[in-house]
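Novice:
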Amino acid sequence: MKLELVSTTKCFEGEQRVYKHHSNVLECDMTFGVFLPPAAIEDKTECPVLYFLSGLTCTHENFVQKSGFQRTAAKEGLIVVNPDTSPRGVELPGQDDAYDFGSGAGFYVDATEAPWSKHYKMYSYVTQELPELVNANFSVLPGKKGIFGHSMGGHGALICALKNPGLYQSVSAFAPIANPSECPWGQKAFTGYLGANRDDWAQWDATSLVSKYASTPQELFIDQGSADNFLAGQQLLPEKLLAAAAPNDHIQTIFKQREGYDHSYFYIATFVAEHIEYHAKLLKA
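Sequential numbering from 198 applies to the sequence shown in my numbering.
(1) Quickly, what does DSSP pair residue 449 with across the bridge? List them, please.
(2) So which of 438, 343, 319, 447 has the shortest CA-CA distance to residue 480?
(3) So, for residue 411: in the same chain, excluding its five sequence neighbours on each side, which residues have a beta-carbon less than 7 angstroms away from its beta-carbon?
(4) Which residue wins for smallest C-alpha separation from residue 279, given the options 404, 357, 463, 345?
(5) Do residue 303 and residue 317 have their CB atoms nearer than 8 angstroms?
(6) Please classify residue 421 as buried or exposed, where buried requires at least 16 neighbouring CB atoms within 10 angstroms.
(7) Any idea what DSSP makes of residue 218, helix, strand or coil?
(8) How about the region 288-305 and the region 206-216: do they share at least three Cβ pairs that are nearer than 8 angstroms?
(9) Given a cut-off of 8 angstroms, decide if residue 359 and residue 434 are closer than it, judged by their beta-carbon atoms.
(10) With distances taken Cα to Cα, identify the nearest neighbour of residue 319 among 451, 356, 246, 336.
(11) Hey, how far is the Cα of residue 438 from the Cα of residue 404?
(12) How about residue 234 and residue 338: are their beta carbons less than 8 angstroms apart?
(13) Relative to the C-alpha of residue 290, which residue among 200, 389, 326, 232 is closest?
(14) Only counting the same chain, and skipping five residues up and downstream in sequence, which positions put a Cβ closer than 6 angstroms to that of residue 300?
(15) On the DSSP letters alone, give me the boundaries of the alpha helix (DSSP H) that residue 205 sits inside.
(16) Please list the segments of the beta strand (DSSP E) lying wholly inside the region 271-356, counting only runs of 3 or more residues, in order along the chain.
(17) How far does the alpha helix (DSSP H) with residue 405 in it reach, from first residue to last?
(18) What is the DSSP secondary structure of residue 470, reduced to helix, strand or coil?
(19) Could you check how far apart the C-beta atoms of residue 270 and residue 277 are, in whole angstroms? I think they sit under 8 angstroms.
(20) By DSSP, does residue 364 sit in helix, in strand, or in coil?
(21) Is residue 245 helix, strand or coil by DSSP?
(22) Mark residue 349 as exposed unless 16 or more other C-beta atoms lie within 10 angstroms of its C-beta, in which case mark it buried.
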């Protein structure tokens, strides 16, 4: 599969690159960011890879430009890949009518409802097609892969890991939509992408997946700002996930509440180094 280099910028002795390619899974062109640490460029060293999934309304650019993750990724020798949040340019009716459904709001599920099912298969893109592309084109250390994300992307990171035991050696989430079946954002997205049958939603809901998880032991690092207005608005519901995980011996959770922090990239930028160091410790073990 051919990659088109859109841009490359030197950053902390590594390179922040942006690529474009045609996605067979999504049936459209997609753009994603790749940070290559100095070790991957200078020494051609195989490095662990960490995937970041962004939240509602974002593209690949938000995390690249606002989080400041590159400093710690360079120091720790991690390749960091961050895709877009939905298919683009597919011209589906209603795709741009709301910020929380359609463009910029793929929710990292594989849609089953028309017309979304033709293109909106972000789960398969993130877990299969994009990693295959990354593995074929960059010096990735085999079997060393982590995933994290923010808000809708935190939900995506959690379900990608929980649905694929052993695929990711590290998982974390900033302010994830932890129980989408029970919050307005998730109910709107799941109805549109998956249909009205709530039984079909369970396989895409981290809280439901955690309650039934019975495979390779998995640790989940959940991070939440106490002043997050979406926490107060009952959109995130981390307490539901933590309660579901508590009796499950196959799941361990780390929960850090950040006093006074909101839902923004200021919050992410403050704690992203801690997350990357957490992933690096597990990926380099």
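Note that CB positions come from ideal geometry on N, CA and C, so glycine has one too.
Specialist: According to the structure shown:
(1) 416
(2) 343
(3) 447
(4) 345
(5) yes
(6) In summary, residue 421 is buried, with 16 or more beta-carbon neighbours lying within 10 Å of its beta-carbon over all protein chains present.
(7) strand
(8) no
(9) No, the pair does not count as a contact, with Cβ atoms beyond the cut-off.
(10) 356
(11) 5 angstroms
(12) no
(13) Answer by Cα proximity: 389.
(14) 283, 292, 293
(15) Bounds of any alpha helix (DSSP H) do not take in residue 205; it lies within the beta strand (DSSP E) bounded by 201-208.
(16) 276-280, 337-347
(17) 403-409
(18) Correct three-state label for residue 470: helix.
(19) 5 angstroms
(20) coil
(21) Three-state DSSP puts residue 245 in a strand.
(22) buried
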